[in-house]
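To convert a position in the sequence shown, counted from 1, into the working numbering, add 521.
Ideal Cβ placement from N, Cα and C applies to all residues, glycine included.
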Amino acid sequence: MANLTNQPSITILGSGGGVAKAILSILNQAVQDKNDPLHGLLQKSEFHLIDIEQKPLQYFENLFPYIRKQIFLYELDLSDLDSYKNHLQKTNTSVVIDVSWADTNDMLTCCNELGVYYVNSALENTAVDEDESLYGFPLAERFKRFEEKKDQFNHTKAIVGSGMNPGVVQWMVHELLQKHMDKPPLACYIVEHDTSFFSNKNIINKDTIYTSWSVECFLDEAILSYPMFVSHHLPLYLYDQVYTSEYTVRLGNKKFQGCLMPHEEVLSLGKLYDIEFGFIYRVNEHTTNLIRDNLYRVDDLWDWKHQLIDPDLGQVDGEDLVGVLLVFEDHEEYIYNVMNTAEIYPKYKTNATYFQVACGLYGGLASLLLDNIPDGAYYVDELLLHSNSSYGEYLSYYMKDFVSGFNETSDGLLHQRIKKIK
């Protein structure tokens, strides 16, 4: 199994991307913070960074000065599995943090063969991405193909989908549902309202889609997939475009209308609990209006310019709120985290959305390195049910501001919240 001495060797896949930048920023802080749960382990760790188009060493040295002498760079196509396995062996890798677009099944299969621990933030499957016949169902198909192999990963310890959502939201669900084991809710909705956008409107370009994380991955959910939810363990699909309907969300004095989109945690939670689950999401108004105005030619949006809302390019206003809403017959309960880039960027050099993802990855990494987890691959909800993981404690070291509350009335199930957009 993985070499978990006092100096674990950590390989990060997709090291040139935004999520990698965010998790490296947290690790850079951890090595200088004596109270950080991973401080002692990370001080002497090696960080092996892999990307198909690797950034120069100076990029990493400038951003992460406290770990710069521990960083080693590699340029590698991760579809070359022999080279990937050779890398894991040569570097004596203890744990892989996968934030690449490489095939999750392939990456985890190699780790399983070698007994290397593994954590990622989302499921990827290259065969699904290339198969146009799966239009409308790419996320569900990625989930299905991972499920078919999941039980084979029994020579490693892996936490799959440990970002914000999926990831931290399953911990939120777990925390809320534990209080209601005797009388479960009617439904549980993962909710997100991301108002992050550039303050300087002069830098906004025409025919450009702006999101605070991968635009391509966002469009995969927003225009390539059918709206989906799970009711009593059964995934259900609405044969319509995501942006033709909105659903009401109330979290105390916060209220928004979001779209119903497919998401990994809806499927994993829907396996475990006999209630209704859905993911309701609203992005910035610029992108919301742009998609809605072009629903008659939605496929053309793939060819438009895609732009990350990156604070390196200009000041970012707004915030990203991600949480969980439990629905009962006569009331609702919720918990959410909200972050804004204006506060995150000065210290961590990333935007709020990516930092939230990195907090979940950090929680997964810390649980793999510090907790006694049985062998196998786990979604975060399964990890919390079947192990003594301190996942929530770890992620809360960086994600501190959780808001809990109570709505004295209920807006009901999805069919009662829907608003058709003309």
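Worksheet item: So what does isoleucine 925 bridge to, in DSSP terms?
Response: Mapped onto the sequence shown, residue 925 falls at position 404. First, the residue type needs correcting, since residue 925 is serine and not isoleucine in the sequence shown. Ile856, per the DSSP bridge assignment.
Worksheet item: When you compare each of Lys941, His936 and Ile942 to tyrosine 710 by their alpha carbons, which one comes out closest?
Response: Position 189 of the sequence shown holds residue 710. The candidate whose alpha carbon is nearest that of tyrosine 710 is His936.
Worksheet item: Excluding the five sequence neighbours on either side, which residues of its own chain have a C-beta within less than 8 Å of the C-beta of leucine 906, listed in chain order?
Response: If you number the sequence shown from 1, residue 906 lands on position 385. Annotation for leucine 906: His695 and Leu793 place their beta carbon closer than 8 Å to its own, counting only its chain and skipping 5 residues before and after.
Practice prompt. Could you tell me if lysine 671 is buried or exposed, where buried requires 16 or more neighbouring beta carbons within 10 angstroms of its beta carbon?
Written response: To locate residue 671, count along the sequence shown from 1; it is residue 150. With 16 or more Cβ atoms within 10 Å of its Cβ, lysine 671 is classed as buried.
Discussion item. Tell me which residues share the same chain as tyrosine 883 and place their Cβ nearer than 7 Å to its Cβ, disregarding the 5 neighbours each side in the sequence.
Written reply: As a position in the sequence shown, residue 883 is number 362, starting the count at 1. Around tyrosine 883: Ile544, Ile547, Tyr915, Leu916 and Tyr919.
Worksheet item: In the structure shown, what three-state DSSP assignment does aspartate 619 receive?
Response: On the sequence shown, residue 619 is found 98 positions in, with the first residue counted as 1. Strand.
Worksheet item: Hey, is the stretch 615-622 in contact with the stretch 635-645, meaning 3+ C-beta pairs nearer than 8 Å?
Response: Segments in contact, yes.
Worksheet item: Which one of Ile865, Val689 and Ser735 has the shortest CA to CA distance from glutamate 786?
Response: As a working mapping, residue 786 is identified with position 265 in the sequence shown. When only C-alpha atoms are compared, the closest one is Val689.
Item to complete: Kindly provide the ranges of any beta strand (DSSP E) runs that are 3 or more residues long and lie completely inside the stretch 666-715, ordered along the chain.
Response: With a minimum length of 3 residues, the continuous beta strand (DSSP E) runs that stay inside the stretch 666-715 are 678-680 and 708-715.
Discussion item. Assuming leucine 781 and valine 770 are in contact, meaning their beta carbons sit under 8 Å apart, how far apart are those beta carbons, in whole angstroms?
Written reply: Along the sequence shown, read from residue 1 onward, the residue named residue 781 stands at position 260. Along the sequence shown, read from residue 1 onward, the residue named residue 770 stands at position 249. Not really, about 11 Å apart at Cβ, beyond 8 Å.
Worksheet item: The alpha helix (DSSP H) with leucine 602 in it runs from where to where?
Response: Along the sequence shown, one-based indexing puts residue 602 at 81. 602-611 is the span of the alpha helix (DSSP H), which, as asked, contains leucine 602.
Item to complete: Select from Ile744, Leu594 and Gln828 the residue whose C-alpha is nearest the C-alpha of arginine 818.
Response: Looking up residue 818 in the sequence shown gives position 297. Among Ile744, Leu594 and Gln828, the Cα nearest to that of arginine 818 belongs to Ile744.
Worksheet item: Quick one, which of Ile531, Asn646, Lys727 and Ile801 has its alpha-carbon nearest leucine 594's?
Response: Within the sequence shown, numbered from 1, the residue matching residue 594 stands at position 73. Of the listed residues, the one whose Cα sits closest to leucine 594 is Ile531.
Worksheet item: Can you tell which of Tyr768, Tyr580, Glu806 and Ile571 has the C-alpha that lies nearest to the C-alpha of isoleucine 942?
Response: As a working mapping, residue 942 is identified with position 421 in the sequence shown. Taking each of Tyr768, Tyr580, Glu806 and Ile571 in turn and checking the Cα distance to isoleucine 942, the smallest one comes out for Tyr768.
Practice prompt. Return the CA-CA distance between leucine 846 and leucine 816, expressed in angstroms with no decimal places.
Written response: Here the question's residue 846 lines up with position 325 in the sequence shown. Here the question's residue 816 lines up with position 295 in the sequence shown. In this structure, the straight-line span from the alpha carbon of leucine 846 to that of leucine 816 is close to 29 Å.
Worksheet item: Among Phe849, Lys722, Tyr869 and Asn686, which one has its Cα closest to the Cα of valine 843?
Response: Reading the sequence shown from its first residue, position 322 is the one you call residue 843. For the residues Phe849, Lys722, Tyr869 and Asn686, the minimum Cα distance to valine 843 belongs to Asn686.
Worksheet entry | Among Ser910, Tyr760, Leu570 and Cys738, nearest to leucine 946 - alpha-carbon criterion | Beyond the ends of the chain as shown, which are 522 and 943, falls residue 946; an answer cannot be given.
Discussion item. What would DSSP say about valine 901, mapped onto helix, strand or coil?
Written reply: For the purposes of this step, residue 901 is taken as the residue at position 380 of the sequence shown. For valine 901, the secondary structure class from DSSP, reduced to helix, strand or coil, is helix.
Item to complete: For phenylalanine 849, I'd like the list of residues in its chain whose CB is within less than 7 Å of its CB, leaving aside the five on either flank, ordered along the chain.
Response: Position 328 of the sequence shown, counted from the start, is the residue given in the question as residue 849. For phenylalanine 849, where only same-chain residues beyond five positions count, the Cβ hits under 7 Å are Pro706, Leu707 and Ser931.
Worksheet item: Would you say the stretch 676-686 touches the stretch 624-635, given that touching needs at least three Cβ pairs under 8 Å?
Response: Yes: the two stretches touch, three or more of their Cβ pairs being nearer than 8 Å.
Fill in: Counted within 10 angstroms of its Cβ, other Cβ atoms place tyrosine 656 as buried (16 or more) or exposed
In the sequence shown, residue 656 corresponds to position 135, counting from 1. In the assembly as shown, tyrosine 656 is an exposed residue. Its beta-carbon has fewer than 16 other beta-carbons within 10 Å.
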